[in-house]
Amino acid sequence: MNNTSLHWTEDPAILEQFVLGKISPDHMNVLNEHLRTCPQCLHAVEAERDFVRSVRAYGRDQLRVRLREKLEHTPSRTVPWPHVLSAAAIVLVIVGLGIYGNWWREPDLIQSEEQLAGEKQVQGPPSPAAEQGAGIAEKRQKPAEGTGGETPAGKITTEGAKTEMRLEDMAKEEKEAQALPEQPVRAADAKEADHAGIQEGLWVDGTFIDIRSRDKGGRVVAREEAAVPAPAKKGEAQQSLIAAQQGKYLLQQLPENLLPMQQKQLRKGADAVPTKVEPTRDGAVLTAYTDLFDLRNKTVQGEFSGADSLIFIVDGIRIAYKLSSLPVKQ
Amino acid sequence: MSPSIQFFNRESKILHLIRNGNEEGLVMLFEETRTMAVTYIKRNSGTETDAEEVLQEAVVILWEKVRAGSFEARSKLSTFLMGVIKNLWARRLARRRRETPMADEFDPPAGEESLLDGLIREEQVEAMRKAMSHISELCRKVLLMFYWEEKSMEEIAADLGLANAETAKSKKYQCRKSLETHLRKLIDYE
């Protein structure tokens, strides 16, 4: 460009490149030099700058309009406070109703109770004493559930103090029930109830194994040989063991005097520990009615031994259950 | 079929979208920075509406920088945006103070646009908006890509499906002439 000294702004391409800053620095210096002495060219540059500035302003304006439109159609991620408070209130009401209505009880337990009720209807009206005893047994489930962190997952935990009070109340009710004139339970009924109970996994008998003995110095020690369960049959037991080992079995304890009347009459011997089985999603909770030990509202997890035994060890005492008598996780 | 792209984080996804001219990237950025911007502007004598306006300006500035290839990702996008927002808000506050001038505050500080210049600029932008509405969609795109996004003729041809750079250059010339004609009409009419 030789005529830069002669109004270079008359070339629209150079004017455009100058305003857009697309000219090399050396060339830019030459053009700027001319602008200092040429008001006409300076005016042309200013006009071109205004044009470019206006086009850019228009572009930004349009982008802002489109952005606003998009934002109007995009749900805001910030939730207004009144909505948050409303949601919190709804949650509180639901939780409150849930606690009041006992919605979070173990579904398996509810099913078991329904099964029990069904069985009662099939077996005909029970004696008043038996009915009251069964009622107490059902109520007894609730304090057992309220043992804080020791209870199996999914159960409601209630306050420890209330549990104590309920236990006392139930013991009182039990005494009152015992005071009622007992009606003889027919042997056939007892046998039927026993069979139904075991078949449904509701009541089983644990076998008491005392592995304590005294050494020469008179101290109490465990007898190791007693810890080994009797060898089991192969075959069908093996299958249930595999299934059972994937489950979780917990033992809790209640005093023997709280054993329902009906179960007291069905008791098989001194070594048999009447135990209520409450199936859970991944195994079962066993409640042993015994004074042989005191778990003090705690639970013990069972171990599988041999091919068909579930054993709980408490203070050197072992209680064994036959796997075939327990509900096995499907 | 284009390969799917995995992003290390949301920020790189936003940058990728903006680089490719996808305005969804701006929406994502706006939403992510909104709370911070509102908090800052409210603490500095502004309102939620002020904050949204300033944030919109800031994301448009970021868009321009990214599209022009002059954005250097040295910090987080939100940090960059907050820096822009603080500058823009300081200018707005200064302008507001000038709009209710005291005797010794009438002249704008050095480098700041005077009220008169501002009014002239607004008139120019309004005239441009009207003139742009009279030209074709293709012409608007060509002119915006060339003058605003500063794309080369080759890029414009490729983006708009024109035969080649020469065709794009010719189209740009025609469009500019058409726009200038409408601008002149508007100025003469007013």
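Taken in order, these protein sequences are the chains called A and B.
Sequential numbering of the first sequence, starting at 12, is according to this note's numbering.
Sequential numbering of the second sequence, starting at 1068, is according to this note's numbering.
All C-beta atoms, glycine included, are put in the ideal place defined by N, C-alpha and C.
Whose C-beta lies closer than 7 Å to the C-beta of residue i among residues of the same chain, with five residues either side of it excluded?
{"i": "Arg-1243 of chain B", "result": "Leu-1210"}
{"i": "Glu-1217 of chain B", "result": "Ala-1135"}
{"i": "Glu-1099 of chain B", "result": "Ser-1145"}
{"i": "Ala-1198 of chain B", "result": "Leu-1246, His-1249, Leu-1250, Leu-1253"}
{"i": "Lys-1143 of chain B", "result": "Glu-1078"}
{"i": "Arg-278 of chain A", "result": "Pro-285"}
{"i": "Ala-1125 of chain B", "result": "Leu-1148, Val-1151, Ile-1152, Leu-1155"}
Mark residue i as exposed unless 16 or more other C-beta atoms lie within 10 angstroms of its C-beta, in which case mark it buried.
{"i": "Thr-1146 of chain B", "result": "exposed"}
{"i": "Asp-282 of chain A", "result": "exposed"}
{"i": "Leu-103 of chain A", "result": "exposed"}
{"i": "Gly-157 of chain A", "result": "Unreliable placement is indicated for Gly-157 of chain A, whose pLDDT of 39 sits below 50; no coordinate value is reported for it."}
{"i": "Lys-287 of chain A", "result": "buried"}
{"i": "Gly-217 of chain A", "result": "buried"}
{"i": "Asp-1255 of chain B", "result": "exposed"}
{"i": "Gly-1150 of chain B", "result": "exposed"}
{"i": "Val-37 of chain A", "result": "Per the sequence shown, residue 37 of chain A should be read as Asp rather than Val. Result: exposed."}
{"i": "Tyr-69 of chain A", "result": "buried"}
{"i": "Ala-148 of chain A", "result": "With a pLDDT of 40 at Ala-148 of chain A, under the threshold of 50, the modelled position of this residue cannot be trusted, and the question is left open."}
Which partner residues does residue i have in the DSSP bridge list?
{"i": "Ala-295 of chain A", "result": "A:Tyr-260, A:Pro-290"}
{"i": "Pro-285 of chain A", "result": "A:Asp-216"}
{"i": "Val-1151 of chain B", "result": "Note: Val-1151 of chain B sits in no beta bridge, so no partner."}
{"i": "Val-325 of chain A", "result": "A:Ile-328"}
{"i": "Lys-333 of chain A", "result": "A:Ser-320"}
{"i": "Leu-1211 of chain B", "result": "Answer by DSSP bridge pairing: none, since Leu-1211 of chain B is not bridged."}
{"i": "Leu-265 of chain A", "result": "A:Tyr-300"}
Within 9 Å (strictly less), CB to CB, does residue i reach chain B?
{"i": "Gly-212 of chain A", "result": "Interpretation of Gly-212 of chain A is limited by its pLDDT of 46, a score under 50 that renders its predicted location unreliable; the figure taken from the coordinates is listed afterwards. Gly-212 of chain A does not count as touching chain B."}
{"i": "Asp-319 of chain A", "result": "no"}
{"i": "Ser-35 of chain A", "result": "no"}
{"i": "Thr-85 of chain A", "result": "yes"}
{"i": "Gln-73 of chain A", "result": "yes"}
{"i": "Gly-327 of chain A", "result": "no"}
{"i": "Phe-62 of chain A", "result": "yes"}
{"i": "Ala-100 of chain A", "result": "no"}
{"i": "Leu-78 of chain A", "result": "yes"}
{"i": "Val-95 of chain A", "result": "no"}
{"i": "Leu-26 of chain A", "result": "no"}
Determine, for residue i, whether the minimum Cβ-Cβ distance to residues of chain A falls below 9 Å.
{"i": "Leu-1211 of chain B", "result": "yes"}
{"i": "Val-1126 of chain B", "result": "yes"}
{"i": "Gln-1241 of chain B", "result": "no"}
{"i": "Val-1192 of chain B", "result": "yes"}
{"i": "Tyr-1214 of chain B", "result": "yes"}
{"i": "Val-1133 of chain B", "result": "no"}
{"i": "Trp-1130 of chain B", "result": "yes"}
{"i": "Leu-1093 of chain B", "result": "yes"}
{"i": "Phe-1097 of chain B", "result": "yes"}
{"i": "Arg-1188 of chain B", "result": "yes"}
{"i": "Glu-1217 of chain B", "result": "yes"}
{"i": "Arg-1196 of chain B", "result": "yes"}
{"i": "Met-1220 of chain B", "result": "no"}
{"i": "Glu-1090 of chain B", "result": "yes"}
{"i": "Met-1149 of chain B", "result": "no"}
{"i": "Met-1103 of chain B", "result": "no"}
In its own chain, which residues sit with a C-beta less than 6 Å from the C-beta of residue i, not counting the 5 before and 5 after it?
{"i": "His-1201 of chain B", "result": "His-1249"}
{"i": "Ala-1232 of chain B", "result": "Met-1220, Glu-1221, Ala-1224"}
{"i": "Ile-322 of chain A", "result": "Glu-314, Ser-316, Arg-329, Ala-331"}
{"i": "Leu-26 of chain A", "result": "Thr-20, Glu-59"}
Which same chain residues end up closer than 8 Å to residue i when comparing Cβ atoms and leaving out the 5 residues on each side of it in sequence?
{"i": "Leu-306 of chain A", "result": "Leu-262, Gln-263, Gln-264, Val-325"}
{"i": "Leu-46 of chain A", "result": "Cys-52, Leu-53, Val-56"}
Query raised in the report: Given 8 Å as the limit, is there contact between the segment 1154–1164 of chain B and the segment 1228–1243 of chain B, that is, 3 or more CB pairs closer than that?
Result: no
Query raised in the report: With a cut-off of 8 Å, do at least 3 Cβ pairs link the segment 35–55 of chain A to the segment 1111–1122 of chain B?
Result: no
Query - Touch test, the segment 1087–1094 of chain B against the segment 30–44 of chain A, Cβ-Cβ under 8 Å, three pairs minimum - result: no
Query raised in the report: Quick one: any contact between the segment 314–334 of chain A and the segment 1075–1084 of chain B, if contact means 3 or more CB pairs under 8 Å?
Result: no
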